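Okay, so here's the structure we're looking at.
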Amino acid sequence: MLVAAAVCPCPPLLVPEVAAGAAPELDAARAACADAVGVLAAARPDLLIVAGPAGPDHLGPFPAGSPGSFAGFGVGLTVRLGPAPAPSPATARPLPASLAVGAWLLERARWSGAPVEGFGVAERLEPDRCVRAGRELAARAERVALLVMGDGSACRTVKAPGYLDERAADFDAEAARALGAADLAALRALDESLAHELSVAGRAPWQVLAGAAEGAGLGGQPLYEDAPYGVGYVVASWS
Numbered sequence: 380m381l382v383a384a385a386v387c388p389c390p391p392l393l394v395p396e397v398a399a400g401a402a403p404e405l406d407a408a409r410a411a412c413a414d415a416v417g418v419l420a421a422a423r424p425d426l427l428i429v430a431g432p433a434g435p436d437h438l439g440p441f442p443a444g445s446p447g448s449f450a451g452f453g454v455g456l457t458v459r460l461g462p463a464p465a466p467s468p469a470t471a472r473p474l475p476a477s478l479a480v481g482a483w484l485l486e487r488a489r490w491s492g493a494p495v496e497g498f499g500v501a502e503r504l505e506p507d508r509c510v511r512a513g514r515e516l517a518a519r520a521e522r523v524a525l526l527v528m529g530d531g532s533a534c535r536t537v538k539a540p541g542y543l544d545e546r547a548a549d550f551d552a553e554a555a556r557a558l559g560a561a562d563l564a565a566l567r568a569l570d571e572s573l574a575h576e577l578s579v580a581g582r583a584p585w586q587v588l589a590g591a592a593e594g595a596g597l598g599g600q601p602l603y604e605d606a607p608y609g610v611g612y613v614v615a616s617w618s
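In terms of the numbering used here, the sequence shown opens at residue 380 and continues consecutively.
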């Protein structure tokens, strides 16, 4: 059963080495993420799963210790999923960027509790399949915690990656409300097509969380909401 969850954005810019001179602009988001991860630790789970959006080559489960790298962003920084040894090079898949950011958050928090695994979610995964995947993740152990990585729309301003779309602010506001309130019905109801049009990377992982939290009776707490660089970022904790 799911005993706790943390919702965090997944831009590589969260990593100060990647952001370089712009790093202070996301200090508030980093602090909120640290608080959310602290809630996961306090729940004393048997298993922590980091879930986030991923491309076709990075879908499905990643074992404890899976490696990630920020070399693609010009930084020679590597991470691992939790403190476990890395899997055999012959079997190890590199983490997608979203899970690498999650692994970095855990390393920053010096996570040393439960084993950590990963789960890459297709950004266009249908809502019903997201919910089913979440139920399966929650059944992995008696006490499961989720670190859910995902961004809101990338269309909040004219300088945003997806340019300005007038629908983006309302979509992000409803998603942030639902995440902050642990409103499972509202998360399941997020429109898949609209999310795709607005370049929302978090829709599918958030709906995985909705499936995982069924019957858990968790309450939500909003910790951060903003749109730096024209992209919607939300941090929330569920316990």
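From the three backbone atoms N, C-alpha and C, an ideal C-beta is built for every residue, glycine too. In this text the structure is predicted, and so the values were computed from the model without any measurement.
Measuring straight from C-alpha to C-alpha, what distance separates residue i and residue j?
{"i": "Pro601", "j": "Ser532", "result": "18 Å"}
{"i": "Pro390", "j": "Ala552", "result": "19 Å"}
{"i": "Arg546", "j": "Leu478", "result": "28 Å"}
{"i": "Pro435", "j": "Val382", "result": "29 Å"}
{"i": "Ala574", "j": "Gly594", "result": "26 Å"}
{"i": "Arg409", "j": "Trp617", "result": "17 Å"}
{"i": "Ala518", "j": "Leu543", "result": "40 Å"}
{"i": "Arg511", "j": "Ala539", "result": "33 Å"}
{"i": "Asp605", "j": "Gly541", "result": "17 Å"}
{"i": "Val429", "j": "Gly400", "result": "28 Å"}
{"i": "Leu516", "j": "Cys509", "result": "11 Å"}
{"i": "Met380", "j": "Ala422", "result": "12 Å"}
{"i": "Ala420", "j": "Val537", "result": "39 Å"}
{"i": "Ala554", "j": "Val458", "result": "29 Å"}
{"i": "Ser448", "j": "Arg556", "result": "32 Å"}
Have a look at the options and flag the residue whose alpha-carbon is nearest the alpha-carbon of residue i.
{"i": "Leu438", "options": "Cys412, Phe498, Asp562, Leu516", "result": "Phe498"}
{"i": "Ala415", "options": "Val429, Arg511, Leu526, Gly492", "result": "Leu526"}
{"i": "Ala568", "options": "Gln586, Ala561, His575", "result": "Gln586"}
{"i": "Tyr603", "options": "Val510, Tyr612, Ile428", "result": "Tyr612"}
{"i": "Leu485", "options": "Pro506, Met528, Arg472", "result": "Met528"}
{"i": "Pro607", "options": "Asp530, Ala471, Phe449", "result": "Asp530"}
{"i": "Gly471", "options": "Ala411, Arg511, Arg487, Glu496", "result": "For clarity, residue 471 is Ala in the given sequence; the question names Gly instead. For Ala471, the nearest C-alpha among the options comes from Glu496."}
{"i": "Ser467", "options": "Arg489, Ala488, Ala443", "result": "Ala443"}
{"i": "Ala450", "options": "Pro473, Asp605, Ala539, Ala555", "result": "Pro473"}
{"i": "Arg503", "options": "Val537, Leu392, Ala433", "result": "Ala433"}
{"i": "Gly417", "options": "Leu597, Pro462, Leu392, Trp490", "result": "Trp490"}
Taking Cβ to Cβ, would you say residue i is nearer than 8 Å to residue j?
{"i": "Arg522", "j": "Gly590", "result": "no"}
{"i": "Ala465", "j": "Pro494", "result": "no"}
{"i": "Leu460", "j": "Ala482", "result": "yes"}
{"i": "Val454", "j": "Arg535", "result": "no"}
{"i": "Ala583", "j": "Val480", "result": "no"}
{"i": "Val397", "j": "Phe452", "result": "yes"}
{"i": "Leu558", "j": "Gly599", "result": "yes"}
{"i": "Ala524", "j": "Leu588", "result": "no"}
{"i": "Pro350", "j": "Gly431", "result": "No answer is possible for residue 350: the residues shown for the chain start at 380 and end at 618."}
{"i": "Glu404", "j": "Pro506", "result": "no"}
{"i": "Ala592", "j": "Ala561", "result": "yes"}
{"i": "Ala564", "j": "Ala488", "result": "no"}
Less than 8 Å between the CB atoms is what I'm expecting for residue i and residue j, so what's the real figure, rounded?
{"i": "Pro395", "j": "Ala402", "result": "4 Å"}
{"i": "Ala520", "j": "Asp406", "result": "Between Asp406 and Ala520 the Cβ distance is about 34 Å, and since that is not below 8 Å, they are no contact."}
Whether or not the segment 576-588 and the segment 542-559 are in contact is what I'm after, with contact meaning three or more pairs of Cβ atoms, one per stretch, closer than 8 Å; do they touch?
yes
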